[in-house]
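Q:
Protein chains: 2
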Amino acid sequence: MNSIIGYYSTQFGELWKKSLDNLLIESFNGALSQCNIEKEQIDAIFLGNMLGGLVDSSLLLEAHIAELLEVHIPVYRVEAACASGGMAVQMAHEYLLAHKDSTVVALGGEKMTDVSAEHITQALATAASPTEQAVGLTFPGVYALLAQIYLKKYHYTEEHLAAISVKNHSHGVLNEKAHFRRYVTVDDVLDSPYIAYPLKVLDSSPISDGAAAVVMTNQSSLTKSSKAATIRSSEVATDTISLAKRGKLDGLLATEIAGKKAFKTSGLKQKDINIMEVHDCFSIGEILALEDLGFWKKGQGGAQAQEMAGHVESKGNLIVNTSGGLKAAGHPVGGTGIKQIGEIYLQLTGQAGKRQVASVPTCGLAHNVGGSGGVAVVTILST
Amino acid sequence: MNSIIGYYSTQFGELWKKSLDNLLIESFNGALSQCNIEKEQIDAIFLGNMLGGLVDSSLLLEAHIAELLEVHIPVYRVEAACASGGMAVQMAHEYLLAHKDSTVVALGGEKMTDVSAEHITQALATAASPTEQAVGLTFPGVYALLAQIYLKKYHYTEEHLAAISVKNHSHGVLNEKAHFRRYVTVDDVLDSPYIAYPLKVLDSSPISDGAAAVVMTNQSSLTKSSKAATIRSSEVATDTISLAKRGKLDGLLATEIAGKKAFKTSGLKQKDINIMEVHDCFSIGEILALEDLGFWKKGQGGAQAQEMAGHVESKGNLIVNTSGGLKAAGHPVGGTGIKQIGEIYLQLTGQAGKRQVASVPTCGLAHNVGGSGGVAVVTILST
Chain A
1 MNSIIGYYST
11 QFGELWKKSL
21 DNLLIESFNG
31 ALSQCNIEKE
41 QIDAIFLGNM
51 LGGLVDSSLL
61 LEAHIAELLE
71 VHIPVYRVEA
81 ACASGGMAVQ
91 MAHEYLLAHK
101 DSTVVALGGE
111 KMTDVSAEHI
121 TQALATAASP
131 TEQAVGLTFP
141 GVYALLAQIY
151 LKKYHYTEEH
161 LAAISVKNHS
171 HGVLNEKAHF
181 RRYVTVDDVL
191 DSPYIAYPLK
201 VLDSSPISDG
211 AAAVVMTNQS
221 SLTKSSKAAT
231 IRSSEVATDT
241 ISLAKRGKLD
251 GLLATEIAGK
261 KAFKTSGLKQ
271 KDINIMEVHD
281 CFSIGEILAL
291 EDLGFWKKGQ
301 GGAQAQEMAG
311 HVESKGNLIV
321 NTSGGLKAAG
331 HPVGGTGIKQ
341 IGEIYLQLTG
351 QAGKRQVASV
361 PTCGLAHNVG
371 GSGGVAVVTI
381 LST
Chain B
1001 MNSIIGYYST
1011 QFGELWKKSL
1021 DNLLIESFNG
1031 ALSQCNIEKE
1041 QIDAIFLGNM
1051 LGGLVDSSLL
1061 LEAHIAELLE
1071 VHIPVYRVEA
1081 ACASGGMAVQ
1091 MAHEYLLAHK
1101 DSTVVALGGE
1111 KMTDVSAEHI
1121 TQALATAASP
1131 TEQAVGLTFP
1141 GVYALLAQIY
1151 LKKYHYTEEH
1161 LAAISVKNHS
1171 HGVLNEKAHF
1181 RRYVTVDDVL
1191 DSPYIAYPLK
1201 VLDSSPISDG
1211 AAAVVMTNQS
1221 SLTKSSKAAT
1231 IRSSEVATDT
1241 ISLAKRGKLD
1251 GLLATEIAGK
1261 KAFKTSGLKQ
1271 KDINIMEVHD
1281 CFSIGEILAL
1291 EDLGFWKKGQ
1301 GGAQAQEMAG
1311 HVESKGNLIV
1321 NTSGGLKAAG
1331 HPVGGTGIKQ
1341 IGEIYLQLTG
1351 QAGKRQVASV
1361 PTCGLAHNVG
1371 GSGGVAVVTI
1381 LST
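Protein sequence lines correspond, in order, to chains A and B. Position 164, counted from 1, in the first sequence is what our numbering calls 164; the numbers after and before it change by one each time, with no gaps. Position 298, counted from 1, in the second sequence is what our numbering calls 1298; the numbers after and before it change by one each time, with no gaps.
1) Can you list, in chain order, the residues of the segment 100-114 of chain A whose Cβ is nearer than 8 angstroms to any Cβ on chain B?
2) Please classify A:GLU176: does DSSP put it in a helix, a strand, or coil?
3) For A:GLN133 and A:PRO198, which I take to be in contact (beta-carbon distance under 8 angstroms), what is that distance rounded to the nearest angstrom?
4) Which of the three DSSP states is assigned to A:LYS327 in this structure?
5) Quick one: what does DSSP say B:ASN1103 is sitting in, helix, strand or coil?
6) Can you look up A:LEU348 in the DSSP assignment and give me helix, strand or coil?
7) Start and end of the alpha helix (DSSP H) containing A:ILE287?
8) Cβ closer than 7 angstroms: which chain B residues qualify as neighbours of A:VAL78?
9) Would you say B:ALA1305 touches the ligand PLP, meaning its beta carbon is less than 7 angstroms from a heavy atom?
10) Taking its Cβ as the centre, do 16 or more other Cβ atoms sit within 10 Å of B:GLN1306, making it buried, or is it exposed?
11) My understanding is that A:GLU110 touches A:GLY334, with C-beta atoms under 8 angstroms, so please give their C-beta distance in whole angstroms.
12) Give the straight-line distance between the Cα atoms of B:ALA1262 and B:ASP1239, rounded to the nearest whole angstrom.
13) Would you say B:LYS1315 faces chain A, with C-beta separation under 8 angstroms as the test?
14) Who are the neighbours of B:PRO1130 on chain A, taking C-beta pairs under 9 angstroms?
15) For A:HIS72, return the contacting residues in chain B, with the cut-off set at a CB-CB distance below 8 angstroms.
16) To test your reading of the DSSP string, which unbroken alpha helix (DSSP H) runs of 4 or more residues are found completely within the segment 1182-1206 of chain B?
17) Considering only DSSP beta bridges, list what B:VAL1078 is partnered with.
18) To the nearest angstrom, how far is the alpha carbon of A:ASP280 from that of A:LYS327?
19) Taking 8 angstroms as the CB-CB cut-off, is B:SER1205 touching chain A?
20) Given a limit of 8 angstroms on CB to CB distance, which residues of the segment 1150-1175 of chain B reach chain A?
21) Which class does A:GLY371 belong to by DSSP, given the choice of helix, strand or coil?
22) Rounding to the nearest angstrom, what Cα-Cα distance links B:HIS1367 and B:VAL1215 in this structure?
23) State the DSSP-derived secondary structure class of A:GLY108, mapped to helix, strand or coil.
24) Mind listing the chain A neighbours of B:LYS1245? Cutoff is C-beta to C-beta under 7 angstroms, in chain order.
25) Starting from the beta carbon of B:THR1126, find every residue of chain A whose beta carbon is closer than 7 angstroms, and list them in chain order.
26) Suppose you measure from the CA of B:MET1001 to the CA of B:THR1217; what does that come to, to the nearest Å?
27) Thinking C-alpha only, which one of B:ILE1338, B:VAL1378, B:THR1362 is nearest B:GLN1347?
28) List in chain order: all unbroken alpha helix (DSSP H) runs of 4+ residues lying wholly within the segment 1240-1277 of chain B.
29) Enumerate in chain order the residues of its own chain whose CB-to-CB distance from A:LEU59 is below 7 angstroms, with the five nearest sequence positions on each side excluded.
30) For A:LYS339, count neighbouring Cβ atoms within 10 angstroms of its own Cβ and tell me buried if that reaches 16, exposed if not.
31) What are the partner residues of A:VAL360, as DSSP defines its beta bridges?
32) Assuming contact is defined by CB atoms lying nearer than 8 angstroms, are B:ALA1229 and B:LEU1381 in contact in what I supplied?
33) With which residues is B:GLY1210 paired in a DSSP beta bridge?
34) Which class does A:MET1 belong to by DSSP, given the choice of helix, strand or coil?
35) What does the alpha-carbon distance come out to for the pair B:SER1221 and A:LYS271?
36) Would DSSP call B:SER1009 helix, strand or coil?
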């Protein structure tokens, strides 16, 4: 049985005084100290990072980690664009399935705000298909196409999308690590400038710096802790890099497949899940995620999003993105997938502080997407 | 028991008509067809690539693979600079330890010759430490420092280094997939231009395009094949990214640690190994590798290299880099680690064609290095 026993996130935001190495090491040390583990107890490290090469001129980050921690253990850097963090946890989970009595760290982080907006936008666009890049599509554009298709097919409006941002900002206010901690209204969202129709600035997650780490173990002496959450499943699926090659565009097939596998492996069903973190890189992303994961019927997401925004913490309702989501908590791409799983861990173990949901949940799901859905990772935890 | 049952390498060289995607898919399909496996039998893919972002504007290569193969299975991209391919095999090995009755593919490749020499040199330098990059060190420079230290400390000359290139070129002549297929003499090496003293052009592996793939399985119906080689161990170790932070510079500690672990896990000793592929990115690299792996005593490598070059195929001697090594076979960085393991596989199963060593070996070792030794992977195979 693999468990998460510790978690730490750095501040997410514009952290001009901290390097990528600084952030990664802060998160590693923070997670270990949160569960009183020494680095000598760690058997391997799984590192999610997307842009080390393109933004920081730093590849072979394995050796950065080894140098800073003064260790010689295996370090694996995985890159799956914005799903790099979720993939690091998924790989760590596989590693623990192969190795008894082991303890590992999955961490992820990104430094994004030290370069120009043009530079970072181009760097992120490398996760789009070569053809999409060649015609000038960037990620706001890619998700805007998905949003246009969804709104038109199911007769929704920009107000329905806005509900997601309103809800996630209200959660973010309670997260001291969040990039943005202020309420926004539907009118605020609608009045914000378009970046790619129908998506506006306030439909969009920001460019952030930050890192996060989880300690994962299958050592029985450690998994018995009251501060442990069990990993019931962690599954990954892939899909075409090109939108144009997909059979449908009103959802992400990779999410659907990874979700079904994760539910099957865990033996759990949607009704068992009390709390979720889903990939709201843009507001449309959260709506698609909840449909693709089987929580809402296809096409009902627009209405459900408004309903959900109306009662964010009512008992008995599914509670989504208490961290603030990518939208308000921020989106340092390699760190996001770790933060999502860490947030579920905090909520399940009653350690979420001001944003702890009233009735401590027993079962949670984290959903992390790479690119426009070329990769999706779904991880289910329980107490 | 995990086994390798199929292998394919593309041509290595300047392949201007083929893209990275072309090369990766050619190697994947080639490996499957070599062992009559269908893609539907593959459970996961492990992809080693270093420079997709910096040279091809292509991150999230997982989804390139998914699109081209029309699959939705897990694809993991690992980046460990020039050890990316070896790491892909190592991760695939771990995955198989966790999953019974599974078959996976580890592949790796690189497209390096479509950009300027300056561009590719800078891109490769991202695997050096930030300080090393800042002072203008590139990889020829990094390995030249290691070579200077070694020659001075152990009283060797450039002739000793040259022996490695002479031997590996003589092997490369027999490899139809090699980037360079011509003999070179010690004088040729000594007369070639310096790129970073004491290393010359003919001490250095080239910039190459190419890809390679291995099929790995633990399904007993497949591992019984006469064309299967057993993976006895595959281990990885890390070290500082900076040369300046290391306790010694006359060897690579990561190689030493990974080698010791690999011998321990396999239950084998140096004397059991008949054949090896080691990381000769520069001639000094092969000398350090054979010392660090315990085949030669520290400081004896210069003399041993000359001795070895004198009788490359004598029965009873250790035979190193029959593929031609990185020097002659070429060094498409993500593909190299796979090609090394594939070469050992071919030799152990008697499929190495013109370069098959006379007495078919029973036990072989592959050694892959990232950067200046920030990561090392050692994999031991047997019949």
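The beta carbon of each residue, even a glycine, is placed where N, CA and C say it ideally should be.
A: The answer reads as follows:
1) Residues of the segment 100-114 of chain A that bring their beta carbon within less than 8 angstroms of a beta carbon in chain B are absent altogether.
2) Three-state result, A:GLU176: coil.
3) The Cβ separation is near 22 angstroms, so there is no contact.
4) Helix at A:LYS327.
5) Note that residue 1103 of chain B is Thr in the sequence shown, not Asn. Here B:THR1103 carries a strand assignment [DSSP, helix/strand/coil].
6) Three-state result, A:LEU348: helix.
7) From DSSP, the alpha helix (DSSP H) with A:ILE287 extends over 283-292.
8) Those are TYR1076, ARG1077, VAL1078, listed as they occur along chain B.
9) The model on display carries no ligand, and the ligand PLP is accordingly not part of it.
10) Of the residues assessed, B:GLN1306 falls on the buried side of the cut-off, its CB having 16 or more other CB atoms within 10 angstroms.
11) A:GLU110 to A:GLY334, Cβ: 4 angstroms. Contact.
12) Linking B:ALA1262 to B:ASP1239 through their CA atoms gives a straight-line distance of about 17 angstroms.
13) Unreliable positioning characterises B:LYS1315 in this predicted model, as indicated by a pLDDT of 42, which lies under 50. A coordinate reading is not provided.
14) Correct list: SER19, ASP21, ASP56, SER57, SER58, HIS64.
15) Here the neighbours are ALA1237, THR1238, ASP1239, LEU1253, ALA1254, ILE1257.
16) If you keep only unbroken alpha helix (DSSP H) runs of at least 4 residues inside the segment 1182-1206 of chain B, you get 1186-1191.
17) Bridge partners of B:VAL1078: A:VAL78, B:GLY1048.
18) A:ASP280 and A:LYS327: Cα-Cα distance of roughly 6 angstroms.
19) No, its Cβ sits nowhere closer than 8 angstroms to a Cβ of chain A.
20) None of the residues of the segment 1150-1175 of chain B has a beta carbon lying less than 8 angstroms from any beta carbon of chain A.
21) Assigned with DSSP and collapsed to three states, A:GLY371 falls in coil, not helix or strand.
22) Whole-angstrom Cα-Cα distance: 19 angstroms.
23) Looking at A:GLY108 - three-state DSSP - the assignment turns out to be strand.
24) Result: GLU67.
25) Going along chain A in sequence order, the residues near B:THR1126 (Cβ under 7 angstroms) are GLY53, SER57, SER58, LEU59.
26) In this structure, the CA atom of B:MET1001 is about 8 angstroms from the CA atom of B:THR1217.
27) In terms of CA proximity to B:GLN1347, B:THR1362 leads the group B:ILE1338, B:VAL1378, B:THR1362.
28) Restricting attention to alpha helix (DSSP H) runs no shorter than 4 residues, the segment 1240-1277 of chain B encloses them at 1253-1266, ordered along the chain.
29) Taking A:LEU59 as the centre and dropping the five residues before and after it, the same chain places the C-beta of GLY52, GLY53 closer than 7 angstroms to its C-beta, in chain order.
30) Flag for A:LYS339 reads buried.
31) A:VAL360 pairs with nothing; no bridge assigned.
32) With a cutoff of 8 angstroms on beta-carbon distance, B:ALA1229 and B:LEU1381 are scored as near each other.
33) Residue pairing of B:GLY1210 in beta bridges, as defined by DSSP: B:GLU1110.
34) Coil at A:MET1, not helix or strand.
35) Across the structure, B:SER1221 and A:LYS271 are spaced so that their CA atoms are roughly 41 angstroms apart.
36) Residue state, collapsed to three classes: strand.
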